[in-house]
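Right, one structure below, let's go through it.
Protein chains in written order, with our numbering: chain A, 160 to 444; chain B, 8 to 276.
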């Protein structure tokens, strides 16, 4: 069970003066049950990469496949394969259109050809997942909701597809801290409960460090680094900085403390751990 | 979706590209007049040679300019057919029942289609070599004298600029919404007219909402920066005629003179 990219290149508007090579010979495998963070600069090609992963863009060269089915094919199998990879775009609330929250969430399952009861069950489940009370919200217009609530409706609309893989493009952009944490908690719950594969595009090193098990750093259309976040931040610090990226504050603080002479272990990956270590060194409780 | 080239501007740095937009607009209008002056085969020959010359100076692939004729191809062919089959004349070349092909009809048909093709090519050179924004600047500047009779030159130009500015943005937005709904399994093809229109709703509703939101934001942003119309407004790029523009004008008038002479000249002597 995996999404596979084999020597994938993608060029926007080939053969015109506006031609742009956004992906260059990328090979990659994402397994079900993985939580992958994709980070990179604006224009590094990360959005192009994830759109190639779920068949919205078809590689100019190379092959993108899900369990051996080429996502670019026009067959029914390929269409089914594409629908198994859900995609939450940046600012997904901008794609809401229906008169009620219920209708909007039901859009995807209905397109999958499910019957009335199955659609209804999916909507209930998806709304529960994103923490929207069915009784309160199902009948309301999505446009009367707050930004954070609209975002959840949009995410519910994708979750209702019951995908095996979920791709999220900056799910927390433009949200207040409360809604942000709620959205991440929901994504984590989804990941843990259903064991699906998650690919999350983010600008935030903190988010990548906190949630992801694997991190892809995209730079100039190529995968620069592929590894576990903790290891990447410890070992690939220089290459990260060269690519114009940063490391999380915790790592910086630990580095600063080490520079001041405090002897800390090398594998500090979050604030709690750092605090515990510092307390231990200073004999505090 | 993003493959639609907007306004068909073809970036370049040629003599034609560098001309003042006003020069290009006026020269285009004058050359269109010149096309109507052409009467005989010689005139059309000269015009064709001129178009080839201008295109080669501009550095745009000739086939690309020729392709701009395509949208009106049907009309051109119709014109040709109507003239060929229905044209009246003395010299009948071929006859079948009530249809007859005459020499005069054939000539007229070729002439009319040549005119249309030349018109399209000349005006497309303008849009190929001038970016939409610069073009609007030129139009504003040319319309300014008409303000005394109440033509809102600046407002028209501002509206055009904003519209042009937002076409790529809205296209990007459309592209994104289509992708997002496709990812949710939406199908935009197939079905009858009604169901197809219904299928468009998941695209159109978010698109309109975002267009209104953008319009609101833009209005606020413009007001916050004290925009209050064209009165007393200076610009970053002042339009100025340079020596190349005079060359272009001289060339244009020479063309008109030549074609006018070919048309009426012989009868003067």
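Where a beta carbon is used, it is the ideal one built from N, C-alpha and C, also for glycine. Every value quoted in this text rests on a predicted model; they were computed, and no experiment measured them.
What residue range is occupied by the uninterrupted beta strand (DSSP E) comprising residue 220 (chain A)?
The count along the first chain starts at 1 and reaches residue 220 (chain A) at position 61. Counting along the chain, the beta strand (DSSP E) containing residue 220 (chain A) begins and ends at 220 to 225.
Spell out the partners DSSP gives residue 431 (chain A) in its beta bridges. Within the first chain, numbered from 1, the residue matching residue 431 (chain A) stands at position 272. Looking at the DSSP assignment, residue 431 (chain A) forms no beta bridge with any residue, so it has no partner.
Look up residue 327 (chain A) in the DSSP assignment and give the residues it is bridged to. Here residue 327 (chain A) is taken as the residue at index 168 of the first chain, counted from 1. DSSP, once it has assigned bridges, lists A:247 and A:359 as partnering residue 327 (chain A).
(message) Would residue 183 (chain B) and residue 254 (chain A) qualify as a contact pair, given that the criterion is a beta-carbon distance under 9 Å?
(response) Position 176 of the second chain, counted from the start, is the residue given in the question as residue 183 (chain B). Position 95 of the first chain, counted from the start, is the residue given in the question as residue 254 (chain A). Cβ atoms of residue 183 (chain B) and residue 254 (chain A): closer than 9 Å.
Item to complete: Drop a sphere of 10 angstroms on the beta-carbon of residue 112 (chain B), count the other beta-carbons inside from all chains shown, and report buried for 16 or more, exposed for fewer.
Response: As a working mapping, residue 112 (chain B) is identified with position 105 in the second chain. Flag for residue 112 (chain B) reads buried.
Quick check on the burial criterion: 16 or more other C-beta atoms within 10 angstroms. Buried or exposed for residue 367 (chain A)?
Sequence index remark: in the first chain, residue 367 (chain A) carries index 208 (1-based). It is buried - the Cβ of residue 367 (chain A) has at least 16 other Cβ atoms within 10 Å.
Below-9 Å beta-carbon distance, residue 254 (chain A) vs any chain B residue
Mapped onto the first chain, residue 254 (chain A) falls at position 95. Yes, residue 254 (chain A) counts as interfacial toward chain B.
With three or more C-beta pairs closer than 8 Å as the rule, is the segment 214 to 231 of chain A touching the segment 267 to 287 of chain A? no
Original post:
In whole angstroms, what separates the C-alpha of residue 201 (chain B) from that of residue 208 (chain B)?
Top reply: Taking the second chain and counting its residues from 1, the one referred to as residue 201 (chain B) is at position 194. Taking the second chain and counting its residues from 1, the one referred to as residue 208 (chain B) is at position 201. Approximately 11 Å between the Cα atoms of the pair.
CB contact check: residue 25 (chain B) to chain A, cutoff 9 Å:
Here residue 25 (chain B) refers to the residue found at position 18 when the second chain is read from its first residue. No, its Cβ sits nowhere closer than 9 Å to a Cβ of chain A.
> Would you call residue 417 (chain A) buried or exposed, if buried means 16 or more other Cβ atoms sit within 10 Å of its Cβ?
Replying inline: For this step, residue 417 (chain A) is matched to residue 258 along the first chain. With fewer than 16 other Cβ atoms within 10 Å, it is exposed.
**OP:** Return the Cβ separation of residue 272 (chain A) and residue 191 (chain B) in integer angstroms, given the expectation that the two are a contact with Cβ distance under 8 Å.
**Re:** By 1-based counting over the first chain, the position of residue 272 (chain A) is 113. By 1-based counting over the second chain, the position of residue 191 (chain B) is 184. The Cβ separation is near 13 Å, so there is no contact.
- Give the residues of chain A in contact with residue 17 (chain B), contact being defined as C-beta atoms less than 9 Å apart. Reading the second chain from its first residue, position 10 is the one you call residue 17 (chain B). Those are 176, listed as they occur along chain A.
Chain A within 9 Å of residue 186 (chain B), Cβ atoms only:
The residue given as residue 186 (chain B) occupies position 179 in the second chain. Taking Cβ atoms only, chain A reaches closer than 9 Å to residue 186 (chain B), which makes this a yes.
Check: Taking Cβ-Cβ distances below 8 Å as the criterion, which residues of the segment 296 to 321 of chain A are in contact with chain B?
Finding: 302, 316, 317 and 320
* residue 141 (chain B) beta carbon less than 9 Å from that of residue 150 (chain B) -> Counted from its first residue, the second chain places residue 150 (chain B) at position 143. Counted from its first residue, the second chain places residue 141 (chain B) at position 134. Contact: no.
Okay, do the segment 172 to 186 of chain A and the segment 347 to 360 of chain A touch, 3+ Cβ pairs below 8 Å being the bar?
-> no
Closer than 7 Å at the beta carbon, the chain B residues around residue 246 (chain A)
By one-based count along the first chain, residue 246 (chain A) stands at place 87. In chain order: 190.
With a threshold of 9 Å between beta carbons, is residue 64 (chain B) in contact with chain A? Working through the second chain from its first residue, we reach residue 64 (chain B) at position 57. Answer no: the Cβ-Cβ gap between residue 64 (chain B) and chain A never drops below 9 Å.
For residue 193 (chain B), return the contacting residues in chain A, with the cut-off set at a CB-CB distance below 8 Å. Within the second chain, numbered from 1, the residue matching residue 193 (chain B) stands at position 186. 266 and 270, listed in chain order.
message = Could you check whether the Cβ of residue 217 (chain B) sits closer than 9 Å to any Cβ belonging to chain A?
response = If you number the second chain from 1, residue 217 (chain B) lands on position 210. So, interface residue.
In its own chain, which residues sit with a C-beta less than 8 Å from the C-beta of residue 248 (chain A), not counting the 5 before and 5 after it? On the first chain, residue 248 (chain A) is found 89 positions in, with the first residue counted as 1. Closer than 8 Å at Cβ, skipping near neighbours: 254 and 328.
- Measure the alpha-carbon distance for residue 370 (chain A) versus residue 442 (chain A) and round it to whole angstroms. Working through the first chain from its first residue, we reach residue 370 (chain A) at position 211. Working through the first chain from its first residue, we reach residue 442 (chain A) at position 283. In a straight line, the C-alpha of residue 370 (chain A) is about 31 Å away from that of residue 442 (chain A).
Pull out every residue of the segment 232 to 244 of chain A whose Cβ sits closer than 7 Å to any Cβ of chain B, in chain order. 242
query: Can you tell which of A:363, A:163 and A:242 has its C-alpha closest to the C-alpha of residue 218 (chain A)?
result: As a working note, residue 218 (chain A) is residue 59 in the first chain. Here the closest residue by C-alpha is A:163.
Would you give the residue range spanned by the beta strand (DSSP E) that residue 374 (chain A) belongs to? Mapped onto the first chain, residue 374 (chain A) falls at position 215. Unbroken beta strand (DSSP E) run through residue 374 (chain A): 373 to 378.
Is residue 260 (chain B) close to chain A? Criterion is C-beta to C-beta, closer than 9 Å. Residue 260 (chain B) sits at position 253 when you count from the first residue of the second chain. Chain A, which has no Cβ nearer than 9 Å to the Cβ of residue 260 (chain B), makes this no.
Query raised in the report: Are residue 42 (chain B) and residue 33 (chain B) close, meaning C-beta to C-beta below 9 Å?
Result: Residue mapping note: residue 42 (chain B) aligns to position 35 of the second chain, counting from 1. Residue mapping note: residue 33 (chain B) aligns to position 26 of the second chain, counting from 1. In this structure, residue 33 (chain B) does not lie closer than 9 Å to residue 42 (chain B) by Cβ.
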